[in-house]
Every structure is written in C-alpha cells, then in structure tokens.
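Sequence lines, in order, name chains L and U.
Each residue of the first sequence is one higher than the last, beginning at 3 in my numbering.
Each residue of the second sequence is one higher than the last, beginning at 2 in my numbering.
Cβ coordinates follow ideal geometry from the N, Cα and C atoms, glycine included.
Report on the following structure.
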Amino acid sequence: MDWMYVFMPIAGVYIFWPGLIILGIGVGVIGGFFGMGGAWMVTPGLNILGFPMAFAIGTDIAHMAGKSLISTMRHGKFGNVDYKLGLIMLVGTVVGFEVGAQMVMWLERLGNVEKVVRWIYLALLILIAWMVFHDVAKRKQKERDAAKQGKQVDALATGIEWHKTLHKIKIPPMVHLRVAGIYCSAWLPILVSFLTGWLAGILGIGGGLIRMPALIYFIGCPTHVAVGTDLFEVMISGLYGAATYTYKGRTELVAAVIMLIGAAIGAQIGSVATKYIKGYGIRVAFGIAVIACAVSILLKLLAKFYPAYGVLLDNSATVVILGTVSLLSLYIIVAFVQGARKEIQAKKARA
Amino acid sequence: MRSFWNSWGRRLNGIWLSIWTGMLMMPVMAMAAGGEKVEKMVIVADTRGLPPWEAWWANLYNESHVYFTIVTIIIIPVVGVIFGTIADLFMGMIGIDLKSRDLAEH
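Take a look at the structure:
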C-alpha cells in the first residue's frame with residue numbers, strides 16, 4: 003500500500019494522499035456553500051493525516067486561496083459576487099487584521115493569551131449562533147403573523163433588520179452596491195470589515211466565519227451574495243496569507259495541490275447547491291456549523307482545565323469538527339443531487 | 002449647512018484616499034512585523050534521496066524563501082483556475098444551468 007502515500011519534500015513526512023483528496027472535497031463543499039475558507043476544519047484534519055501543526059496551518063491557507071478562487075469563479079457566474087463591496091471591504095479587513103495581529107503580539111509579551119483568545123472565540127461563536135437562530139425565529143414569527151391575516155411575507159423580508167438602521171447613516175462618500183442591492187455610506191462596509199478583520203487577527207483565523215454573518219446582518223446582503231462576496235475576500239486574503247506563511251517556510255505545496263483536486267470538485271458542488279437551497283436554509287446550516295465549532299472550542303478549553311482527560315477531550319473536539327463537516331457535506335451533496343435531478347427532469351419535460 | 006457638508010465631504014474623501022494608500026503599504030509593514038519570529042527557527046528540507054523534481058523543489062525552498070514564495074503564489078491560482086475549469090466542464094456535461102439561478106430571496 004506504499005503507493006497510497008506520497009512524500010512531502012518540505013515537511014519531510016509521508017502522507018496518505020486519498021485522505022487529502024477527501025479532505026479537499028469536504029472543505030470544498032462546505033466552503034463553496036457557506037462562503038468561508040474553513041481553516042477550523044482543515045487544520046485539525048491535516049494534523050490527523052500527519053502534518054506538523056505549523057505546516058498544517060500554512061498548507062491549509064495555501065489550498066484555501068486556490069479553492070476560494072474556484073468557488074468565486076462559480077459564484078461570479080451566478081451573479082453572487084459583489085466585487086465592488088469585496089474591494090471596499092478589503093481595506094478594512096487588511097487594516098483590521100494587522101491591528102488584531104499586532105495586538106496579539108503585544109498581549110503575548112504581557113503573558114499567555116491563548117486561553118483568553120479561545121474564550122473570546124467561544125463567546126463570539128455563541129453570539130453568531132444566537133444571531134442566526136434569533137433571525138430564523140423572527141422570520142418564522144413574521145410568517146405566522148402574516149398567515150393569521152391571510153397574507154404572505156415578502157420574499158425579501160428578513161427576521162433581523164439591523165442593516166436598515168445602519169443604512170440610515172449617510173456619511174459621505176455614499177456607494178451604490180448594485181449586485182447586493184444596497185445604497186449606503188462607504189464607511190459602513192469599511193467599519194464592519196475592520197471589526198471582523200480585527201477579530202480574525204486576534205483569533206488567528208481567516209475570518210469567513212465572522213464576515214459571512216456580518217455581511218448579512220450589518221450590511222444587508224442577500225444570503226447568496228454574502229456567500230459569493232465573502233469567498234472573493236477569502237480568495238484575496240488567502241493568497242496574502244499563503245504568501246506570508248510560505249515566506250516563513252511553513253507551506254507544503256504538494257499537499258495543497260493534491261487537496262485542490264478534491265476541492266475543485268467539492269467547491270463546484272457546494273457553490274451549485276446554493277442554487278437549490280433557499281437563503282434561510284443556508285443560514286440554518288451555517289448556524290449548525292457555528293455551534294459545532296463552538297462545542298469543539300469548549301472541549302479544547304476543558305482539556306486545559308482537566309489535564310487528566312486532556313487527550314479524550316482533545317480527540318472529542320476533533321471528532322465533533324470532522325463529524326459535523328461530514329454530515330453537512332452529505333446534506334449539501336444530497337441537496338445538490340436532488341436539485342440537479344429536478345432541474346434536468348424539468349428541462350426534459352419542456353423539450 | 003450645505004457648505005458644512007461639502008467641507009466634511011472633502012475631508013472624508015481625503016481620509017478615504019489615505020486608507021487606500023495605507024492598505025497598499027500594509028503588506029510591507031506586515032512582512033516587517035512578522036519577520037522577527039521566523040529568523041529564530043529555520044526549517045531545512047532534506048534533499049537526500051529525493052527524485053529530481055522533488056529535489057529541485059526542496060532545493061528552491063532551502064536556497065531562497067523569496068523565490069519559493071513567488072513560485073508558490075503563482076502556482077496556486079494557476080492550478081486553481083485549471084482544476085476549476087476542468088470541474089466546470091464536467092459539471093456542464095450533467096446538463097444543469099451553470100450561469101444563472103432563480104432564487105432572489107434573502
């Protein structure tokens with residue numbers, strides 16, 4: 003079975019290459035569907051396959067850039083990418099990320115920040131999960147109220163409408179974001195991206211997990227446009243991240259390219275699946291992914307508090323992440339197959 | 002009132018331009034900020050017994066991280082576009098519409 007292992011010339015380890023392809027497919031499906039890089043799933047996966055942690059992070063970021071490019075190409079064709087919004091947000095993201103990263107270095111000099119960072123991450127994930135499910139509950143309430151009056155809720159109506167209040171701030175320059183259908187002050191996306199970038203910098207993550215809901219709830223993007231635009235951002239920040247990690251000598255390109263084979267297939271499935279699932283379906287699935295991420299962080303924190311159960315809790319965290327990724331991937335693939343089948347049947351019936 | 006907003010508009014446009022300039026400069030600052038820790042630990046790839054292309058790749062890594070980074074950053078998007086286009090062709094064969102979607106709701 004030696005042929006199933008490939009040597010990584012930089013990391014100096016033999017890796018089970020079908021595992022890399024499967025991981026690529028999984029993260030491609032999830033990333034293309036939710037509009038995120040998915041570092042929180044890939045890094046533990048690569049680590050399990052045998053990569054040292056430093057190479058796992060760098061390789062993950064390198065593959066993330068390529069995978070997001072594939073997803074952005076597909077979402078761009080569907081008209082889900084607001085490039086103008088993406089470029090404006092890039093300003094805030096880069097500045098915010100660097101401020102956050104510098105702040106962590108400063109905090110490190112003061113003492114151990116790892117636990118603090120993990121607690122902040124956990125609190126943030128709980129907040130995001132609350133936002134998502136509160137929004138879903140409010141939208142359902144609106145539907146029930148409308149049904150009582152014999153009416154139907156507008157298709158564009160949302161549960162949480164914070165963005166409408168934020169759009170009332172008219173500080174120049176004003177921008178018209180055609181694809182997202184938004185007219186607002188340019189400072190709004192800059193401020194939101196600065197805050198999400200700053201948090202990403204502090205937490206040491208790509209930021210898709212935070213930026214996607216921020217695009218929906220604070221800027222007011224439709225779900226599909228939030229997914230596509232976030233992927234465009236992930237693509238650029240991923241390339242930047244890949245450059246810095248590679249410069250530090252922590253990227254294994256051979257593994258990244260093998261993963262991209264799987265990610266190319268997965269990203270197409272994930273991106274096309276957004277065609278068949280309504281915006282709120284995407285939000286609920288995203289909320290579940292966030293909860294799984296929060297549970298795994300909590301388990302990792304508990305492992306530090308109870309060293310006797312450390313190995314068990316750490317392994318459980320990995321199982322939670324990889325189990326959720328597998329289940330969500332399965333849900334998306336099934337939705338894709340069913341949707342594609344219906345579309346082809348409809349096409350044949352028309353012909 | 003209008004002149005007040007005009008003057009503020011001009012100032013904000015100035016800040017706007019400064020942010021863009023700052024953003025362009027940011028990677029240089031980030032590289033400089035992130036460089037310190039790297040120099041403390043150097044990982045060298047073992048090229049002994051590697052086949053030719055792997056040996057070349059590992060040597061490139063050992064000799065210059067700058068060239069290694071440039072090549073990596075070129076290869077990733079190129080490979081992404083190639084694989085993406087191939088996957089696109091296969092998806093096109095299934096017979097689904099890959100250029101538009103009907104859903105427009107949130």
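**OP:** Please name the residue, chosen from L:G251, L:Q143, L:G210, L:G272, that lies closest to L:S239 on a Cα-to-Cα basis.
**Re:** L:G210
Subject >> CB contact check: L:E110 to chain U, cutoff 8 Å >> reply: Chain U, which has no Cβ nearer than 8 Å to the Cβ of L:E110, makes this no.
Original post:
Could you give the distance in angstroms between the alpha-carbon of L:V101 and the alpha-carbon of L:V327?
Top reply: 31 Å
Original post:
What residue range is occupied by the uninterrupted alpha helix (DSSP H) comprising L:F80?
Top reply: Start and end: 55 to 80.
Subject >> Span separating the alpha-carbon of L:L255 from that of U:N60 >> reply: 14 Å
Subject >> Pair within 8 Å by beta-carbon distance, L:H65 and L:A258 >> reply: yes
Original post:
Beta-carbon of L:E163 versus every beta-carbon of chain U: anything under 8 Å?
Top reply: no
**OP:** Run down chain U in chain order and give the residues with a C-beta less than 8 Å from the C-beta of L:T248.
**Re:** H66, F69, T70, T73, I74
Original post:
Cβ atoms of L:G68 and L:G272: under 8 Å apart, would you say?
Top reply: Going by C-beta atoms, L:G272 is not nearer than 8 Å to L:G68.
Original post:
Which runs of the beta strand (DSSP E) spanning at least 3 residues fall entirely within the region 183 to 258 of chain L, listed in chain order?
Top reply: 184 to 187
Subject >> Residues bridged to U:I44 [DSSP beta-bridge criterion] >> reply: DSSP lists no partner for U:I44.
Subject >> Cross-chain neighbours of U:M92 in chain L, by beta carbon under 8 Å >> reply: Q270, V274
Subject >> Distance CB(L:V155)-CB(L:K144) smaller than 8 Å >> reply: yes
Original post:
Three-state secondary structure (DSSP) at L:I162?
Top reply: coil
**OP:** Could you name the residues of chain U that L:F80 contacts, counting a contact when the two beta carbons are closer than 9 Å?
**Re:** L99, K100, S101, R102
Subject >> Listed by chain order, chain L residues near U:P78 by CB distance under 8 Å >> reply: A67, G68, L71, L241
**OP:** Identify which residue in L:Y311, L:K344, L:V292, L:K306 has its Cα closest to the Cα of L:I323.
**Re:** L:V292
Subject >> Rounded straight-line distance, which links the Cα of L:V339 to that of L:I23 >> reply: 20 Å
Subject >> Residue from L:A266, L:L304, L:V138, L:A182 whose Cα sits closest to the Cα of L:I284 >> reply: With distances taken between Cα atoms, L:I284 lies closest to L:V138.
**OP:** For L:G289, decide whether its Cβ has a neighbour in chain U, counting only Cβ atoms nearer than 8 Å.
**Re:** no
Subject >> Three-state class that DSSP yields for L:G341 in the structure shown >> reply: Three-state DSSP puts L:G341 in a helix.
**OP:** Compare the C-beta of L:G14 against all C-beta atoms of chain U and say whether one is closer than 8 Å.
**Re:** yes
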